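>
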Amino acid sequence: METQVPGQARLQHQAEPEGAVAADTRTLVIGPYPVRRGAEMPRPAQARLDEAVGLAAAIDLDVVDRLLLGVQAIRPSTYLGKGRVEEIAGRIAAEAVRLVVMDCALSPVQQRNLEKAWGVKVIDRTGLILEIFGRRASTREGTLQVEHAHLAYQRSRLVRSWTHLERQRGGFGFLGGPGETQIEADRRLIQERMTRIERELETVTRTRGLHRQSRRRVPYPVVALVGYTNAGKSTLFNRLTAAEVRAEDMLFATLDPTARAIKLPHGETAILSDTVGFISDLPTMLIAAFRATLEDVIEADILLHVRDIAHEDTEAQGQDVHTVLAELGIEPGAGRIIEVWNKADLLDPPERERLLNLSRTGPSGEAAAKPVLLSALTGEGVDRLLARIEARIAESRASFALVLDPAEGAGLHWLYENAEVLDRREDAGGQVHLVVRLAPEKEPRFLNRFGAARRLRAAGG
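Residues 13 to 473 (the working numbering) are what the sequence shown spells out, left to right.
#1: Which one of R199, A149, E420 and D74 has the shortest CA to CA distance from Q443?
#2: Find out if the Cβ-Cβ distance for the pair R348, A406 is shorter than 8 angstroms.
#3: Go to L81, then tell me how far its beta strand (DSSP E) extends in each direction, as first and last residue.
#4: CB A273 to CB T281, shorter than 8 angstroms?
#5: Can you name, in chain order, every residue of its own chain whose Cβ lies under 6 angstroms from the Cβ of F458, other than the five neighbours on each side?
#6: Using three-state DSSP, classify K275 as helix, strand or coil.
#7: Give me the Cα-Cα distance between Y232 and R110, rounded to the nearest whole angstrom.
#8: Assuming R60 is part of the alpha helix (DSSP H), what are its boundary residues?
#9: Might you give, ordered along the chain, the residues of its own chain that have their beta carbon closer than 6 angstroms to the beta carbon of E212, omitting 5 neighbours on each side?
#10: On a Cα-Cα basis, can you pick out the residue from A164, V75 and R437 that is closest to M206?
#11: Work out the CA separation of G244 and G95 for me, nearest whole Å.
#12: Between L359, W353 and D357, which lies nearest to R372 when the distance is taken from Cα to Cα?
#13: Strictly by DSSP, which residues pair up with F458?
#14: Note down, in chain order, each residue of its chain lying with its Cβ closer than 8 angstroms to the Cβ of A68, except the 5 sequence neighbours on either side.
#15: Just how far apart, CA to CA, sit F462 and H317?
#16: Does the beta-carbon distance from A328 to R55 come in below 8 angstroms?
#17: Using only the alpha-carbon positions, how far apart do Y45 and P88 sit?
#18: List the residues that DSSP assigns as beta-bridge partners of R319.
#19: Just checking, does the segment 430-444 make contact with the segment 400-419 on the three C-beta pairs under 8 angstroms criterion?
#20: Under 8 angstroms by Cβ, that's how I've got T253 and G289 pegged, so tell me the actual separation to the nearest angstrom.
#21: For I283, collect the residues of the same chain with a Cβ closer than 8 angstroms to its Cβ; drop the 5 residues on either side in sequence, then sort them by chain order.
#22: Are H278 and E429 closer than 8 angstroms when you measure CB to CB?
#23: Cutting at 7 angstroms between CB atoms, please list the residues of its own chain near L397, excluding the five before and the five after it.
#24: Looking at the structure shown, is L118 part of a helix, part of a strand, or coil, going by DSSP?
#25: Here's a check: name, in chain order, each residue in its chain whose Cβ is nearer than 7 angstroms to the Cβ of V134, leaving out the five neighbours to either side.
#26: Considering Cα atoms alone, identify which of A117, L118 and R467 is closest to P452.
#27: Quick one: what's L385 bridged to in DSSP?
#28: What are the boundary residues of the alpha helix (DSSP H) that E407 is part of?
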């Protein structure tokens, strides 16, 4: 993604090939993963490399080769040792590679030195994810957030070997001194653009906040989908809402959040929100940039943590999601999280039966921790998920017992319109005995109208 800023025509690295990262570019993906003796890595190196290749494929790069490297010690100048750098240079020449993706975080100096040694464009994991986000963002907010993150990343790269950065601009007036260097001017231009974007994002964030306030006044419970990228969130969203959100077997197929109304089994309405997928080592600048987008997650009544249960790396992916949620202030054990084990259709029969039994008891034997095994693609298990959502919403609501006279038809109608009637019976005198459950925001009106009602369970009980 080539983000345009004032004066950007000057910000061109002389060693880079002309043009931005383009589709069909012949690409080498390198996984240079540190090796720690006696330490068990949370994710297998091969799985990490496969994910990096998937990220490259997500923007249609032509991955002609991949290389898995165990790194004993990280070199400050080139990340890799001199022998490895020379060996890879020969591989690049033989394969006519034009782009190298290093699945790690490179310093500006390391990136510059590798580009010099190999004579091709080099990007690290952060740059690759920024490129994907830049291609996927479609809303005004998403585009601004990506541009802001990209500029922050670009600003840190202004130590690269641009020959014009050694020049100085003349000062103004008699006391202007030697003036500012070109690198200082470029940094100032980028900072000015970032400041303008931040002001625009404040306006967008306020607008999103007003939309949330209007939803609270409706109000409907909000259910947010979260999960590792490519876990099937958008497919599940489409299944539950009959929407047509882009859903492909691709990392970060969707980026901008989408919300739709869904009907629960007993007729209640909820708002379902699809959000950006998480990923391991998500750049901090992107977590910060997309915090406004993720406010729907922070404020949601229920979070559906969608996991690709058929993936060999599902446990590590789940932990990565928990890490990002914790950064948003949501603890993994929060009672509003329902774990959804998706892609059951990809499991072999014995594993499917094992996980189905586990989902009935819960991994820890606690009913609240029971996951839901389903296939968003085939629809299997979706009815169980909707019932679980409804039950979890009900847990946060208070139940009341009350008695109505036969003549109170209007009151009975109000209850059926605004509450969930759990039990109803009539005695010999015609009086109607009811047990109802209400959303917290409807309690004041209910108690004002039915002051004699008896609370059976406190909210959250």
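Quick reminder that beta carbons are idealized off the backbone N, C-alpha and C, glycines included.
This one's a predicted model, so the numbers in the text were calculated from it and none came from an experiment.
By the coordinates alone:
#1: On the sequence shown, residue 443 is found 431 positions in, with the first residue counted as 1. Comparing Cα-Cα distances from Q443 to each of R199, A149, E420 and D74, the minimum goes to E420.
#2: Counted from its first residue, the sequence shown places residue 348 at position 336. Counted from its first residue, the sequence shown places residue 406 at position 394. For R348 and A406, no; Cβs fall outside 8 angstroms.
#3: Position 69 of the sequence shown, counted from the start, is the residue given in the question as residue 81. It spans D74 to V83 - the beta strand (DSSP E) in which L81 sits, taken as one unbroken run.
#4: The residue given as residue 273 occupies position 261 in the sequence shown. The residue given as residue 281 occupies position 269 in the sequence shown. Yes. Within cutoff.
#5: Translated into positions along the sequence shown, residue 458 becomes position 446. Within the same chain, F458 has close Cβ partners L450.
#6: The residue you call residue 275 lines up with position 263 of the sequence shown. When secondary structure is reduced to three states using DSSP, K275 falls in the strand class.
#7: Residue 232 sits at position 220 when you count from the first residue of the sequence shown. Residue 110 sits at position 98 when you count from the first residue of the sequence shown. Approximately 52 angstroms, taken between the alpha carbons.
#8: On the sequence shown, position 48 is the one that residue 60 refers to. Run containing R60: A57 to A69, per the alpha helix (DSSP H) assignment.
#9: The residue labelled residue 212 in the question sits at position 200 within the sequence shown. Same-chain partners within the cutoff: L156.
#10: Within the sequence shown, the letter at position 194 stands for residue 206. Comparing Cα positions, the closest option is A164.
#11: As a first step, residue 95 must be located in the sequence shown, where it is residue number 83. As a first step, residue 244 must be located in the sequence shown, where it is residue number 232. The C-alpha of G95 lies about 42 angstroms from the C-alpha of G244.
#12: Here residue 372 is taken as the residue at index 360 of the sequence shown, counted from 1. Ranking L359, W353 and D357 by Cα distance to R372 puts W353 first.
#13: Residue mapping note: residue 458 aligns to position 446 of the sequence shown, counting from 1. Paired residues: none, contrary to the question.
#14: Along the sequence shown, read from residue 1 onward, the residue named residue 68 stands at position 56. Once the five neighbours on either side are set aside, the close Cβ partners of A68 are T39, V41, V75, V113 and L140.
#15: Stepping through the sequence shown from its first residue, residue 462 is reached at position 450. Stepping through the sequence shown from its first residue, residue 317 is reached at position 305. Taking the straight line from one Cα to the other gives about 39 angstroms.
#16: Residue mapping note: residue 328 aligns to position 316 of the sequence shown, counting from 1. Residue mapping note: residue 55 aligns to position 43 of the sequence shown, counting from 1. Taking 8 angstroms as the Cβ cut-off, A328 and R55 qualify as a contacting pair.
#17: Taking the first residue of the sequence shown as 1, we reach residue 45 at position 33. Taking the first residue of the sequence shown as 1, we reach residue 88 at position 76. The straight-line gap from Cα to Cα measures roughly 15 angstroms.
#18: Along the sequence shown, read from residue 1 onward, the residue named residue 319 stands at position 307. BP columns for R319 point to W353.
#19: Between the segment 430-444 and the segment 400-419, the count of C-beta pairs closer than 8 angstroms reaches three or more; the two stretches touch.
#20: Counting from 1 along the sequence shown, the entry for residue 253 is found at position 241. Counting from 1 along the sequence shown, the entry for residue 289 is found at position 277. Not confirmed; about 18 angstroms, so no contact.
#21: Residue 283 sits at position 271 when you count from the first residue of the sequence shown. Same-chain partners within the cutoff: R227, Y232, P233, V234, V235, A271, R272, A273 and I274.
#22: Within the sequence shown, residue 278 is the residue found at index 266, counting from 1. Within the sequence shown, residue 429 is the residue found at index 417, counting from 1. Cβ atoms of H278 and E429: not closer than 8 angstroms.
#23: Counted from its first residue, the sequence shown places residue 397 at position 385. So the qualifying residues of the chain are V352, V384 and L386.
#24: Residue mapping note: residue 118 aligns to position 106 of the sequence shown, counting from 1. In the displayed model, L118 falls within coil according to three-state DSSP, outside both helix and strand.
#25: Looking up residue 134 in the sequence shown gives position 122. The answer, listed in chain order, is V112, M114, Q123, L126 and E127.
#26: For the purposes of this step, residue 452 is taken as the residue at position 440 of the sequence shown. Closest by alpha carbon: R467.
#27: On the sequence shown, residue 385 is found 373 positions in, with the first residue counted as 1. Partner(s): W353.
#28: Sequence index remark: in the sequence shown, residue 407 carries index 395 (1-based). First-last of the alpha helix (DSSP H) with E407: V394 to E407.
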